[in-house]
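Asks:
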Amino acid sequence: MRSTPAAPATDRPYRLEQIDEAAVVQLYADGFLKLSTNDRILVWHLYQAALAGRDIYYDQRYRHNLAMRDILEEILSNADGVSADTHRELVRYTKLFWINTGAYNNLTARKFVLALTQDALADAAEIAAANGARFRLQPGEGVRDLIARYAPMFFDPTFDPMVTSKTPGEGRDILQASANNLYVDVAMADLEGVTERHPLNSRVVMADGQVVEQVYRVGGMYDAELREIVRHLENALPYAQPSLANALRALVRWYQTGEEADRQAFDIAWVQNRDSVVDTMNGFIEVYMDARGIKGSWEGVVYYAHHEKTEKIHRLAANAQWFEDHLPVDPRFRKSKVQGVSARAIEVVFEAGDSGPITPIGVNLPNDQRIREEYGSKSVSLSNVLEAYEHSTLESFRQEFSWDDAELERAKQWGAFAGELTTEIHEVLGHGSGRMAAGVNAQPQELLKEQYSALEESRADLVALYFVADPYLATLGLVPAEHQAEIVRAEYEGYARTALVQLRRVREGTQLEEDHMRNRQAIVYWLMAHTESIVVRRREDRTYYSVAEVEAFRAGVGRLLAEVQRIKSEGDYPAARALFETYGVHFDAGLRDEIVARVDRLKLPSYTAFVMPKLQPVCGADGSITDVTISYPCDLMTQMLEFTGKRRARLPSL
Ligand SMILES: [Zn+2]
79 MRSTPAAPAT DRPYRLEQID EAAVVQLYAD GFLKLSTNDR ILVWHLYQAA
129 LAGRDIYYDQ RYRHNLAMRD ILEEILSNAD GVSADTHREL VRYTKLFWIN
179 TGAYNNLTAR KFVLALTQDA LADAAEIAAA NGARFRLQPG EGVRDLIARY
229 APMFFDPTFD PMVTSKTPGE GRDILQASAN NLYVDVAMAD LEGVTERHPL
279 NSRVVMADGQ VVEQVYRVGG MYDAELREIV RHLENALPYA QPSLANALRA
329 LVRWYQTGEE ADRQAFDIAW VQNRDSVVDT MNGFIEVYMD ARGIKGSWEG
379 VVYYAHHEKT EKIHRLAANA QWFEDHLPVD PRFRKSKVQG VSARAIEVVF
429 EAGDSGPITP IGVNLPNDQR IREEYGSKSV SLSNVLEAYE HSTLESFRQE
479 FSWDDAELER AKQWGAFAGE LTTEIHEVLG HGSGRMAAGV NAQPQELLKE
529 QYSALEESRA DLVALYFVAD PYLATLGLVP AEHQAEIVRA EYEGYARTAL
579 VQLRRVREGT QLEEDHMRNR QAIVYWLMAH TESIVVRRRE DRTYYSVAEV
629 EAFRAGVGRL LAEVQRIKSE GDYPAARALF ETYGVHFDAG LRDEIVARVD
679 RLKLPSYTAF VMPKLQPVCG ADGSITDVTI SYPCDLMTQM LEFTGKRRAR
729 LPSL
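Residue numbers for the sequence shown follow the numbering used here, beginning at 79 and rising by one.
Here it is, written out as C-alpha cells:
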C-alpha cells in the first residue's frame, strides 16, 4: 500500500504542451520491456489491429471528418511558404481536431471553428498544392472550390453545431439535432416499432421512405478497415494463449458476419478470457456518442496487466459478494450470487478511436446487461494513465478551488490515493453490481434511453462514494484504518469540487451533455438539495463547494443510491429524466463564467490528450518479426501524421 502518493523521482517529460483548453501529455508503458518476447510481438499485432480501425471512429463521429482531416494534413505536410500567422492557426485547429477526433469538443459536444478567412485557407491550400500536396478533388474542381465546399464545416459554428444533443429543447428531435454519422435523415419517431437487427453495429438511414440498417461488417460498411483489422487479429493468433485466441476468433467472426448472436458470442469469449497477460478491447463498444444510447463507437485499446496493483484490486473483487450484500438498496435489486468480477490494473500501450487520444481511466465491459448478469464482467483501471495525470496536474488547480489550507493539504496528501481507490470501486464493484427487477426483461438501455449512461455512471460513482467510507475496506487492508477518515473526507471534498470545476469545460450554453459530467453534477446538486453535507461558500467573489458533514454526505449517497438503483432495476424512464433535468443537466451561466475566468487566469487545462508510445518491429533476415521496441515520440503532430502515413513539413521561416 502506498502511504503517500508521492511522485517517483523522474524528470522525463509528461506535460508536452497546452492547446487552448487541452493539455497534451506523454503516456509511458514501462512494463512493456518486462513482457516476454512472445507477448511483445502479440502486442504489436493487436496494436496494428487497433490502429487499422482509427478512421472508422472519425467517420462515425462526422461524415465529413476524414475529408476535413485530409485537407488539414495535406496542408501541414506541405506548408513551406504558408504565412506564419496562417500556419500557427492551422496548427492550433488541427491539433484540437486530432485530439477530439474532429471539430467537436469531446466534453461539450459543440463545434469549434478555424479562425481564418476562407481566402487564407484557400491560399494555404494552393501553396501546399504547389509544394506537392494531393487533394481529393471532384472532377473539374480546383483547390479553391474544394475549400469553398468545406467552408461551412470549417468556419460556420451554426452549421451542424453539435455532435450529440441529448437535450435539444422542446419540439426538437435528439437524432436530427446530433451531427454524428450514426443516423442519416432519421428521427426518433421513425424508429417507433422498428427493431434493429444490429443495434450496436449499424448506421440507420432513411432510404425511399424506409428505415434501413447499414451494417458495419466485412462486406458492409467500413469493409476496408474491418478487413485490415481482421488480418492483424489473425496475425496475432499464433502468439495468443488459448482463452485470448478464443476471444480474438470470436471477434473476427463478429466483424465478418455483423450478427448480434456473434457479438454476444464475442462478448462471452472476451469476458471469459481472464488470465492472459496481454488483452485488447476492439470493437463497437461504448454508446455515449449516440443520443439514443444504442450505437457503439469503434475503439481499439491494447494493454497488459500491472501485477502489483492488480493484487490490490483482486482483494476488492474477491469480496464482491460482501459488498453486494451490503449495498444500501432494496434487497430485490441485489444479486444473490455475484458472477466473477474480474478486475485488473493495466498499462495501456495503445488507444485509438473512441479511447484515444482522450482516454478513460477505468473501463468495465461488456455493456450487455444480460451477459454481465450471467457471465460477469471485466474491469480495468488504467494505471499508467492515472500516473500520467498525476504527474501532469498543476498544483495551482487544487489551490484555487480548495476552501482552506486543510482541504488543500488533504487533497495533496490523499487526493490521488482516494481517486484511484474510488475509481477501482466504481469499476470493479459499481458497474457490476445490482440486478434488474423480476419481470423486467428489456435491457436497461432500451428502457432508459438517453438517460441510461448518466444514470449508470451515477450508480457506479455512488457505490464508490458509499463504500470508500466502509470500515470493511480497512479490514481488507485497502486503506490504512488510522487515515481512512481523512481519505474519505479528501474524496468527498474532491468530488464536490469537481462539480464546480468541471463547469470550465462548458464555455457555451447552460447545459451539460457529457454523461459523466451530468452524473457528477446530479449527485452533488442532489446532495445539496436533500442534505446538509455540502455548502456553497463565497469569498472575494469566488465560489467554493465545501463539505460540511462527512456523515451526512455518506448517508445522502446511500439514499440516492437506493433510488438510482430502483430507477435502473425498474427501467423507470420518467424518474431518470426528472433526476437529471432537475440536478444533472442545467447550470448557472454566471457561475460558469466565474469558474472560466479563474481557470483562464491560471491557464489551467480543461481536458487532457495523450501521445501514445510508439512500437516498432525488429525483423529477422527472413522478414519475420523477432521482437518489438518501444519509444516515446513526445510530440502530438509527429504521431498523428505518422498514423495517416504523412510526414511533417519543414516549418515556415518566421
Ligand atoms: Zn463508469
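All C-beta atoms, glycine included, are put in the ideal place defined by N, C-alpha and C.
Computed from a predicted model, the values in this text were never measured in an experiment.
For residue 297 and residue 98, what's the separation of their Cα atoms in angstroms?
Replies: 41 Å
Asks: Closer than 8 Å to a non-hydrogen atom of ligand 1 - does that hold for the CB of residue 59?
Replies: No information on residue 59 is available, as it lies outside the stretch 79 to 732 that the chain covers here.
Asks: Any chance the CB of residue 498 is under 8 Å from a heavy atom of ligand 1?
Replies: Remark: the shortest separation between the CB of residue 498 and any heavy atom of ligand 1 does not fall under 8 Å.
Asks: Whose CA, out of 199, 455, 523, 236, lies closest to the CA of residue 57?
Replies: This structure cannot speak to residue 57, because the chain is shown only from 79 to 732.
Asks: So is residue 203 buried or exposed if we call it buried at 16+ other beta carbons inside 10 Å?
Replies: buried
Asks: Going by DSSP, name the residue or residues bridged to residue 697.
Replies: 703
Asks: Cβ atoms of residue 582 and residue 682: under 9 Å apart, would you say?
Replies: yes
Asks: Looking at the unbroken beta strand (DSSP E) that takes in residue 616, where does it start and where does it end?
Replies: 612–617
Asks: What residue does the beta strand (DSSP E) around residue 369 start on, and which one ends it?
Replies: Looking at the DSSP string, residue 369 is not in any beta strand (DSSP E), and its letter there is neither H nor E.
Asks: Would you mind sorting residue 415 into buried or exposed? The rule is 16 or more other CB atoms within 10 Å of its CB.
Replies: exposed
Asks: Given this structure, state the Cα-to-Cα distance separating residue 625 from residue 284, to the nearest angstrom.
Replies: 51 Å
Asks: In whole angstroms, what separates the C-alpha of residue 523 from that of residue 484?
Replies: Approximately 42 Å, taken between the alpha carbons.
Asks: Less than 9 Å between the beta carbons of residue 514 and residue 447, yes or no?
Replies: yes
Asks: Under the rule that 16 or more other beta-carbon atoms within 10 Å means buried, what is residue 79, buried or exposed?
Replies: Only weak support is given to the placement of residue 79: the predicted model assigns it a pLDDT of 29, under 50, and the value that follows is read from those uncertain coordinates. That one is exposed.
Asks: For residue 731, count the other beta carbons within 10 Å of its own beta carbon; 16 or more makes it buried, fewer makes it exposed. Which is it?
Replies: Because residue 731 sits at a pLDDT of 45, beneath the cut-off of 50, its placement in the model cannot be relied upon, and the following sentence gives the value as read from the coordinates. So residue 731 counts as exposed.
Asks: If I follow the unbroken beta strand (DSSP E) through residue 281, where does it start and stop?
Replies: For residue 281, the enclosing beta strand (DSSP E) stretches over residues 280–285.
Asks: For residue 460, write down the residues that DSSP places opposite it in a beta bridge.
Replies: 424
Asks: Judging by CA-CA distance, which residue of 631, 164, 168, 378 is the nearest neighbour of residue 308?
Replies: Selected option, being the one with the closest Cα: 378.
Asks: Quick check: is any heavy atom of ligand 1 less than 8 Å from the C-beta of residue 26?
Replies: In the structure displayed, the chain extends from 79 to 732; residue 26 sits before or after that span and is not available.
Asks: Decide if the segment 632–649 is in contact with the segment 392–407; the criterion is three or more beta carbon pairs, one per stretch, under 8 Å apart.
Replies: yes
Asks: Give the DSSP-derived three-state secondary structure of residue 665 in the structure shown.
Replies: coil
Asks: Can we count residue 592 as close to ligand 1, meaning its CB is less than 8 Å from some heavy atom?
Replies: no
Asks: Between the segment 130–137 and the segment 206–221, are three or more C-beta pairs nearer than 8 Å?
Replies: no
Asks: According to DSSP, simplified to helix, strand and coil, what is residue 474?
Replies: helix
Asks: Who are the near neighbours of residue 402 in its chain, counting only those whose CB is closer than 6 Å to its CB and skipping five residues on each side?
Replies: 412, 413, 416, 511
Asks: Which value, in whole angstroms, describes the spacing of the CA atoms of residue 288 and residue 262?
Replies: 12 Å
Asks: Check residue 334 in the structure and name its three-state DSSP category.
Replies: helix
Asks: Looking at ligand 1, does it come within less than 8 Å of residue 577, judged from the CB to the closest heavy atom?
Replies: no
Asks: Just to check, is the beta-carbon of residue 276 closer than 8 Å to a non-hydrogen atom of ligand 1?
Replies: Within 8 Å of the C-beta of residue 276 there is not a single heavy atom belonging to ligand 1.
Asks: What does the alpha-carbon distance come out to for the pair residue 487 and residue 358?
Replies: 38 Å
Asks: Which residues does DSSP list as the beta-bridge partners of residue 97?
Replies: 100
Asks: Near ligand 1, which residues have their beta-carbon less than 6 Å from any of its heavy atoms, given in chain order?
Replies: The set of residues with CB atoms less than 6 Å from any heavy atom of ligand 1 reads, in chain order, 504, 509, 535, 538.
Asks: Thinking just about the alpha-carbon of each residue, which of 240, 688, 656 is nearest to the one in residue 462?
Replies: 688
Asks: Can you say whether residue 580 is buried or exposed, counting buried as having 16 or more other CB atoms within 10 angstroms of its CB?
Replies: buried
Asks: Taking 6 Å as the limit between beta carbons, can you name the residues of its chain near residue 704, skipping five residues before and five after?
Replies: 696, 698
Asks: Does the contact criterion of 3 or more C-beta pairs under 8 Å hold for the segment 707–719 versus the segment 169–179?
Replies: yes
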